[in-house]
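To start, the structure itself, in structure tokens.
Numbering (my numbering), first residue to last: 5 to 74.
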């Protein structure tokens with residue numbers, strides 16, 4: 005359940021981020037990093053690792069989109 009909440013938070017952050025606004029993108033990147041740390045702190049099954057990889061991938065895409073938009 006917690007994993008789902010965190011993933012929904014990730015989707016919300018990504019949807020609300022304007023990658024052309026560097027301050028906005030930086031806040032979103034920080035939030036995604038925070039979510040990834042929360043996922044790292046959870047114990048459980050392989051779903052946590054998949055979720056962490058997804059968040060890391062979204063963070064990478066966010067940074068690339070921000071760089072390309074600049």
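Backbone N, C-alpha and C fix where the C-beta goes; we use that ideal spot for every residue, glycine too.
Q | Residue from 46, 9, 34 with nearest C-alpha to residue 21 | A | Here the question's residue 21 lines up with position 17 in the chain shown. Among 46, 9, 34, the Cα nearest to that of residue 21 is on 34.
Q: Output yes or no for whether 8 Å exceeds the beta carbon distance between residue 32 and residue 52.
A: In the chain shown, counting from the first residue as 1, residue 32 sits at position 28. In the chain shown, counting from the first residue as 1, residue 52 sits at position 48. Going by C-beta atoms, residue 32 is not nearer than 8 Å to residue 52.
Q. Is the distance from the Cβ of residue 10 to the Cβ of residue 39 below 8 Å?
A. Position 6 of the chain shown, counted from the start, is the residue given in the question as residue 10. Position 35 of the chain shown, counted from the start, is the residue given in the question as residue 39. By the CB criterion at 8 Å, residue 10 and residue 39 fall inside the cutoff.
(Q) Can you find the residues in the same chain that come closer than 6 Å, C-beta to C-beta, to residue 28, ignoring five residues on each side of it along the sequence? (A) The sequence position of residue 28 within the chain shown is 24, counting from 1. The beta carbon of residue 28 sits closer than 6 Å to those of 21, 22, all from its chain and outside the five residues before and after it, given in chain order.
Q: Drop a sphere of 10 angstroms on the beta-carbon of residue 63, count the other beta-carbons inside from all chains shown, and report buried for 16 or more, exposed for fewer.
A: Locating residue 63 in the chain shown gives position 59, where the first residue counts as 1. With 16 or more other Cβ atoms within 10 Å, it is buried.
Q | DSSP three-state assignment for residue 37, whether helix, strand or coil | A | Counted from its first residue, the chain shown places residue 37 at position 33. Residue state, collapsed to three classes: helix.
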